[in-house]
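Report on the following structure.
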Amino acid sequence: MGTEAISSREIVLLSNASSNEKPSLVIEPTKGLFHVDLLEIWKHRELLYFLIWRDIKVKYKQTVIGASWAIIQPVMTMIIFTVIFGNFANIPSDGIPYPIFAYTALLPWTYFSQAVTRTSLGVLGNSVLITKVYFPRLIIPIASAVAPLIEFCLSFLVLTGLMAWFNVVPTWGIVLLPLFLLLALFTALGVGLFLSALHVRYRDVGHSIGFLIQFWMYASPVIYPLSLVPEGWRFLYSLNPMVGVIEGFRWAILGKVNPDLVAMGLSGGMVVTLLALGILYFNRMERYFADVI
Numbered sequence: 001m002g003t004e005a006i007s008s009r010e011i012v013l014l015s016n017a018s019s020n021e022k023p024s025l026v027i028e029p030t031k032g033l034f035h036v037d038l039l040e041i042w043k044h045r046e047l048l049y050f051l052i053w054r055d056i057k058v059k060y061k062q063t064v065i066g067a068s069w070a071i072i073q074p075v076m077t078m079i080i081f082t083v084i085f086g087n088f089a090n091i092p093s094d095g096i097p098y099p100i101f102a103y104t105a106l107l108p109w110t111y112f113s114q115a116v117t118r119t120s121l122g123v124l125g126n127s128v129l130i131t132k133v134y135f136p137r138l139i140i141p142i143a144s145a146v147a148p149l150i151e152f153c154l155s156f157l158v159l160t161g162l163m164a165w166f167n168v169v170p171t172w173g174i175v176l177l178p179l180f181l182l183l184a185l186f187t188a189l190g191v192g193l194f195l196s197a198l199h200v201r202y203r204d205v206g207h208s209i210g211f212l213i214q215f216w217m218y219a220s221p222v223i224y225p226l227s228l229v230p231e232g233w234r235f236l237y238s239l240n241p242m243v244g245v246i247e248g249f250r251w252a253i254l255g256k257v258n259p260d261l262v263a264m265g266l267s268g269g270m271v272v273t274l275l276a277l278g279i280l281y282f283n284r285m286e287r288y289f290a291d292v293i
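Residues in the sequence shown are numbered from 1 upward in steps of one, following full-length UniProt numbering.
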């Protein structure tokens, strides 16, 4: 076994036998597959901050317009969706102007897709750290999932402009927006934990992420409303955790359509399930990371 046979719990043993004997540092394996040592992660918070800052800095290094790409990507996607699906295909938007209807869904979706992609590739991309230095391995996927939140905040500025342009006034539901964003983060983290651990052993995962994200987008109410899904398929469709996130965003920001509470409840349950399974599989595989990488 490599260095991953050790885990995140440190115990300092002070010997009373001799005053000249130095303290020993013993790192023991985690107990339980669902073990998450939050205290240990907090102790390494400076590393977490460094990894988040590094991901942002490296992504926009040697670019002409820098972080403006975080705004350009969802805006251009919104324009394309408006022309093709809003004008040509005449997809309904529940009485909401299609540009803001699409952009409100693109905000959480863009964050989710970036977070899943970065988290899935994060462990393998930090192989040098994993094989050389001890730290809680969960810090890597957490940092990868948190970093895109900075770009989300920049993209949100465009939404405020769209709301002013279309005279959309937010309702009290907007105070619940952080809750739906947290659900998006947990979904991305749960999926990313599973894929990142799987990617260490099977490099095919890196080639399939783009296809997975593209397929998942069309299986989510990004370009069409949930009301367009037939009633007979609504239950199965709502097992997609991003359904609740996107519907929650539209309700919290636009407040035009009452959310489907059953669909949002099913999606919320799937978020918890995905996160639990992601932690379970990651904890099971992390002890072999150093050997396989």
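A virtual CB, placed ideally from N, CA and C, is assigned to each residue, including glycine.
The structure displayed is predicted, hence computed values, not measured ones.
Give me the residue from L138, K61, I130, Y218 with the minimum Cα distance to K43. The residue labelled residue 43 in the question sits at position 43 within the sequence shown. Checked all of L138, K61, I130, Y218; the closest Cα to K43 is L138.
Identify whether F96 lies in helix, strand or coil by the three-state DSSP scheme. As a first step, residue 96 must be located in the sequence shown, where it is residue number 96. The sequence given here places Ile at residue 96; Phe does not occur at that position. Of the three classes helix, strand and coil, the one that applies to I96 here is coil, per DSSP.
What number of angstroms, rounded off, separates the C-alpha of I79 from the C-alpha of A197? Residue mapping note: residue 79 aligns to position 79 of the sequence shown, counting from 1. Residue mapping note: residue 197 aligns to position 197 of the sequence shown, counting from 1. Cα-Cα distance, rounded: 36 angstroms.
Simplified DSSP state of I65, which is helix, strand or coil: On the sequence shown, position 65 is the one that residue 65 refers to. Correct three-state label for I65: coil.
Euclidean distance between Cα positions of F194 and K59: Along the sequence shown, one-based indexing puts residue 194 at 194. Along the sequence shown, one-based indexing puts residue 59 at 59. Answer to the nearest angstrom: the Cα atoms are 23 angstroms apart.
Three-state secondary structure (DSSP) at H207? In the sequence shown, counting from the first residue as 1, residue 207 sits at position 207. Helix, per DSSP.
Using a Cβ-based criterion (distance less than 7 angstroms to any ligand heavy atom), does T82 qualify as near the ligand ADP? Only the bare structure without any ligand can be found here, which leaves the ligand ADP out of the picture.
Following the continuous alpha helix (DSSP H) through N90, name the residue where it begins and the one where it ends. Residue mapping note: residue 90 aligns to position 90 of the sequence shown, counting from 1. It is not in any alpha helix (DSSP H) - N90 carries neither H nor E in the DSSP assignment.
Do G122 and I96 have their beta-carbon atoms positioned less than 8 angstroms apart in this structure? Mapped onto the sequence shown, residue 96 falls at position 96. Mapped onto the sequence shown, residue 122 falls at position 122. For I96 and G122, no; Cβs fall outside 8 angstroms.
Going by alpha carbons, who is nearest to A70 out of E151, L38, W172, I279? As a first step, residue 70 must be located in the sequence shown, where it is residue number 70. Here the closest residue by C-alpha is E151.
Using CA atoms only, rank isn't needed, just tell me which of Y281, I293, Y103, V292 is closest to V36. The count along the sequence shown starts at 1 and reaches residue 36 at position 36. The option with the nearest alpha carbon to V36 is Y281.
Can you look up V222 in the DSSP assignment and give me helix, strand or coil? Taking the first residue of the sequence shown as 1, we reach residue 222 at position 222. V222: coil per DSSP, three-state reduction.
Between the CA atoms of T110 and P99 - distance to the nearest angstrom: As a position in the sequence shown, residue 99 is number 99, starting the count at 1. As a position in the sequence shown, residue 110 is number 110, starting the count at 1. Taking the straight line from one Cα to the other gives about 15 angstroms.
With burial defined as no fewer than 16 other Cβ atoms inside 10 Å of the residue's Cβ, what is the status of R201: buried or exposed? Taking the first residue of the sequence shown as position 1, residue 201 is located at position 201. Exposed.
Shortest alpha-carbon distance to N87 belongs to which of A102, V191, F249, L51? To locate residue 87, count along the sequence shown from 1; it is residue 87. Comparing Cα-Cα distances from N87 to each of A102, V191, F249, L51, the minimum goes to A102.
L275 and L162: beta carbons closer than 8 angstroms? Numbered from 1 along the sequence shown, position 275 holds the residue referred to as residue 275. Numbered from 1 along the sequence shown, position 162 holds the residue referred to as residue 162. Not closer than 8 angstroms, so no.
Only counting the same chain, and skipping five residues up and downstream in sequence, which positions put a Cβ closer than 6 angstroms to that of P148? Here residue 148 is taken as the residue at index 148 of the sequence shown, counted from 1. Hits under 6 angstroms: Y111, Q114, A115.
Sequence-distant residues of its chain with Cβ nearer than 7 angstroms to T77 (five each side left out): By one-based count along the sequence shown, residue 77 stands at place 77. Only L106 meet the Cβ criterion.
Assuming E286 is part of the alpha helix (DSSP H), what are its boundary residues? Residue numbering aside, residue 286 sits at position 286 when the sequence shown is read from its first letter. Here E286 belongs to no alpha helix (DSSP H), and DSSP marks it neither H nor E.
Buried versus exposed call for I209 [16 or more other C-beta atoms within 10 Å across all chains shown]: Within the sequence shown, residue 209 is the residue found at index 209, counting from 1. It is buried - the Cβ of I209 has at least 16 other Cβ atoms within 10 Å.
In three-state DSSP terms, what is V262? Here residue 262 refers to the residue found at position 262 of the sequence shown. Note: V262 maps to helix in three-state DSSP.
Give the straight-line distance between the Cα atoms of P170 and L239, rounded to the nearest whole angstrom. Translated into positions along the sequence shown, residue 170 becomes position 170. Translated into positions along the sequence shown, residue 239 becomes position 239. Taking the straight line joining both Cα atoms gives about 28 angstroms.
Quick check on S238: does DSSP put it in helix, strand or coil? Against the sequence shown, residue 238 aligns to sequence position 238. Residue state, collapsed to three classes: coil.
Consult DSSP for H44 and reduce its assignment to one of helix, strand or coil. Locating residue 44 in the sequence shown gives position 44, where the first residue counts as 1. Of the three classes helix, strand and coil, the one that applies to H44 here is coil, per DSSP.
Comparing C-alpha positions only, which one of L228, F249, I142 sits nearest to D94? Numbered from 1 along the sequence shown, position 94 holds the residue referred to as residue 94. Measuring from the Cα of D94, the nearest candidate turns out to be L228.
Could you compute how far the alpha carbon of I213 sits from the alpha carbon of K57? Indexing the sequence shown from 1 puts residue 213 at position 213. Indexing the sequence shown from 1 puts residue 57 at position 57. Straight-line Cα distance between these residues: approximately 24 angstroms.
For the candidate residues I52, T160, F166, whose alpha-carbon lies nearest to that of I142? As a working mapping, residue 142 is identified with position 142 in the sequence shown. Among I52, T160, F166, the Cα nearest to that of I142 belongs to I52.
Top-ranked residue by Cα proximity to R203, from A263, S120, G278: On the sequence shown, position 203 is the one that residue 203 refers to. Its Cα nearest to that of R203, the residue S120 stands out among A263, S120, G278.
Where S251 falls, given that 16 or more other Cβ within 10 Å makes a residue buried: Locating residue 251 in the sequence shown gives position 251, where the first residue counts as 1. The displayed chain sequence assigns Trp, not Ser, to residue 251. So W251 ends up on the buried side.
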